[in-house]
Amino acid sequence: MTPETMKAVRVHRYGPPDDSLVYEDVPTPRAGAGQVLVRNEAAGINFADIEQRRNNYPFQPPLPHILGGEFAGTVESVGDGVSAVDVGERVFGFLSGATPAGYAQYVVTSADSVYSLPAGLGYAESTALLVQGLTAYFLLRDGVRLADGDSILILAAAGGLGSIAVQLAKIMGARRVIGAASTAEKRRLVSELGADATIDYTQPDWHRQVLDCTDQRGVDAALVNVGGDAFTQSIASLAPFGRLSAYGGADKSTPVIDFDAEFKAGRLNANQTLGFFSLYPYLPDRAALRSVLAELTSHVAEGRLRIRADLTLPLSQAAEAHRLIENRMTTGKAVLLPWAD
Numbered sequence: 049m050t051p052e053t054m055k056a057v058r059v060h061r062y063g064p065p066d067d068s069l070v071y072e073d074v075p076t077p078r079a080g081a082g083q084v085l086v087r088n089e090a091a092g093i094n095f096a097d098i099e100q101r102r103n104n105y106p107f108q109p110p111l112p113h114i115l116g117g118e119f120a121g122t123v124e125s126v127g128d129g130v131s132a133v134d135v136g137e138r139v140f141g142f143l144s145g146a147t148p149a150g151y152a153q154y155v156v157t158s159a160d161s162v163y164s165l166p167a168g169l170g171y172a173e174s175t176a177l178l179v180q181g182l183t184a185y186f187l188l189r190d191g192v193r194l195a196d197g198d199s200i201l202i203l204a205a206a207g208g209l210g211s212i213a214v215q216l217a218k219i220m221g222a223r224r225v226i227g228a229a230s231t232a233e234k235r236r237l238v239s240e241l242g243a244d245a246t247i248d249y250t251q252p253d254w255h256r257q258v259l260d261c262t263d264q265r266g267v268d269a270a271l272v273n274v275g276g277d278a279f280t281q282s283i284a285s286l287a288p289f290g291r292l293s294a295y296g297g298a299d300k301s302t303p304v305i306d307f308d309a310e311f312k313a314g315r316l317n318a319n320q321t322l323g324f325f326s327l328y329p330y331l332p333d334r335a336a337l338r339s340v341l342a343e344l345t346s347h348v349a350e351g352r353l354r355i356r357a358d359l360t361l362p363l364s365q366a367a368e369a370h371r372l373i374e375n376r377m378t379t380g381k382a383v384l385l386p387w388a389d
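Just so we're aligned, residue 49 is where the sequence shown starts under the working numbering, counting upward by one.
1. Taking only the alpha-carbon atoms, compute the straight-line gap between Asp-244 and Leu-143 and give it to the nearest angstrom.
2. How about the stretch 215-235 and the stretch 321-330: do they share at least three Cβ pairs that are nearer than 8 Å?
3. Looking only at its own chain, which residues have a Cβ that is under 7 Å from the Cβ of Glu-99, when we skip the five neighbours before and after it?
4. Report back the beta-carbon spacing between Gly-181 and Ile-200 to the nearest angstrom; my notes put them in contact at under 8 Å.
5. What residue does the beta strand (DSSP E) around Leu-286 start on, and which one ends it?
6. Please report the Cβ distance between Phe-95 and Ala-120, rounded to the nearest whole angstrom; I am assuming they are in contact, meaning their Cβ atoms lie under 8 Å.
7. To the nearest angstrom, report how far apart Ser-131 and Met-54 are at their CA atoms.
8. Tell me, please, which residues DSSP counts as bridged to Gln-83.
9. With Thr-246 as the anchor, note down where its beta strand (DSSP E) starts and where it stops.
10. Measure the beta-carbon distance from Ala-382 to Ile-202 and round it to whole angstroms, keeping in mind my assumption that it falls under 8 Å.
11. So what does DSSP say about Ala-334, is it helix, strand or coil?
12. So within the stretch 66-143, which uninterrupted alpha helix (DSSP H) runs reach at least 4 residues, ignoring any that extend past its ends?
13. Would you mind sorting Asp-198 into buried or exposed? The rule is 16 or more other CB atoms within 10 Å of its CB.
14. Leu-182 lies in the alpha helix (DSSP H); which residues open and close that run?
15. Is it the case that the Cβ atoms of Asp-333 and Ser-364 are separated by a distance below 8 Å?
16. Assess contact between the stretch 248-258 and the stretch 271-284, defined as three or more Cβ pairs (one per stretch) separated by less than 8 Å. Is contact present?
17. What number of angstroms, rounded off, separates the C-alpha of Val-57 from the C-alpha of Ala-152?
18. Can you give the Cα-Cα distance for Asp-73 and Pro-51, rounded to whole angstroms?
19. Starting from Ile-355 and walking both ways along the beta strand (DSSP E), at which residues does that stretch end?
20. Just to confirm, are Asn-319 and Phe-289 a CB contact at a threshold of 8 Å?
21. Using CA coordinates, which residue listed in Thr-231, Tyr-171, Arg-354 and Arg-371 is at the minimum distance from Ile-219?
22. Cα separation between Ala-176 and Ala-357?
23. Terminal residues of the continuous alpha helix (DSSP H) containing Arg-193?
24. DSSP three-state label for Phe-324, please.
25. Quick one: residues in its chain with C-beta nearer than 6 Å to the C-beta of Leu-322, no 5 flanking neighbours on either side, listed in chain order?
26. Output the distance between the C-alpha atoms of Ala-336 and Ala-269, rounded to the nearest integer angstrom.
27. Leaving out five residues before and five after Pro-65 in sequence, what residues of the same chain have Cβ atoms less than 6 Å from its Cβ?
28. Which first and last residues belong to the alpha helix (DSSP H) in which Ala-217 is found?
29. Given Val-340, which residues of its chain have a CB within under 7 Å of its CB, disregarding the five upstream and five downstream residues?
30. Pro-362 by DSSP, collapsed to three states: which one?
31. If the criterion is Cβ atoms closer than 8 Å, does the pair Pro-77 and Tyr-154 meet it?
32. I'd like the list of long-range same chain contacts for Gly-221, defined as Cβ closer than 6 Å, with 5 residues on each side in sequence excluded.
33. Excluding the 5 residues flanking Arg-193 on each side, which residues of the same chain have their C-beta closer than 8 Å to its C-beta?
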């Protein structure tokens, strides 16, 4: 019997984690026509959740609202017209609709937003394949058009998205993967994941390390999740005809191109391509998402892709999880466990 109420974390006001996130009882949702109700075993955390909590996100539901766009668990019930999903089936997926969302013990979403969870893949680990795994895949395939034999620079390479991108780049045929991370421990992790070289991008003029790793040629591709100086130095790390894709904007600094400086450095003659990437245009194509998720889970099953869910906390500690992410103290995927309290 599904309970009438459930535990959830809601944003009551915008601001710091302790001021805005409230762990409380709310009504349990019910599956309507074309929907499924899932007993949620793992709520994936993404930086978009933090941006929503800060009121920096373009799509904001009315307050109070439940955060989180990812879930993994078992199907509790199905609504009218649902035949492709069975009660008791292990699934993972996205939330469709504003509320209620993923930081909760139960979630409701459309039946076409859930994907069967293969045996052997844990709930927490599976959430890493959703926003972060899909973004890494499409960034490499479309954002920088990674080709066999390319070299690539990946910033924040120890994070949830970066750690997947390092491995996928090798799977897709990259000749040389250079992972950038801020601490020695993070760089050790990136090396374990298969990076050919690592650099410390907290150092001044760190792009020179990239050039040293590529015989002064630079990289063919770069994945960049910040603006400011890191963005500028990433451009300086590119080879002629190199492609850079910026995403996320984790540090909120604006990517700026100093055309005069770039001209003097000779890079305006290098035919480099800079672009901005978002997962959102891909989300309506459920068939494409299903195909890519099947490919990613296959890589996991074959041992070619290692998923790290290094931070797992009870749902009641959502504020602490946000603090750790904001202070850059996490590696791999961060996940909340709704039934751990």
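No residue lacks a Cβ here, since even glycine has one placed at the ideal position from N, Cα and C.
Reading off the structure:
1. 37 Å
2. no
3. Tyr-105
4. That pair is no contact at about 17 Å.
5. 286-294
6. Contact doesn't hold; Cβ gap of about 19 Å is too wide.
7. 26 Å
8. Ser-158
9. 245-248
10. So it is not a contact: roughly 19 Å between Cβ atoms.
11. Correcting the residue type first, residue 334 is Arg in the shown sequence and not Ala. Arg-334 falls in the helix class under three-state DSSP.
12. 95-101
13. buried
14. 182-186
15. no
16. yes
17. 6 Å
18. 11 Å
19. Taken as a continuous stretch (DSSP letters only), Ile-355 belongs to no beta strand (DSSP E), as it is neither H nor E.
20. yes
21. Arg-354
22. 8 Å
23. No alpha helix (DSSP H) contains Arg-193, which DSSP labels as neither H nor E.
24. strand
25. Leu-292
26. 24 Å
27. Ala-367, His-370 and Arg-371
28. 208-219
29. Leu-182 and Tyr-185
30. strand
31. yes
32. Asp-196
33. Ala-269 and Arg-291
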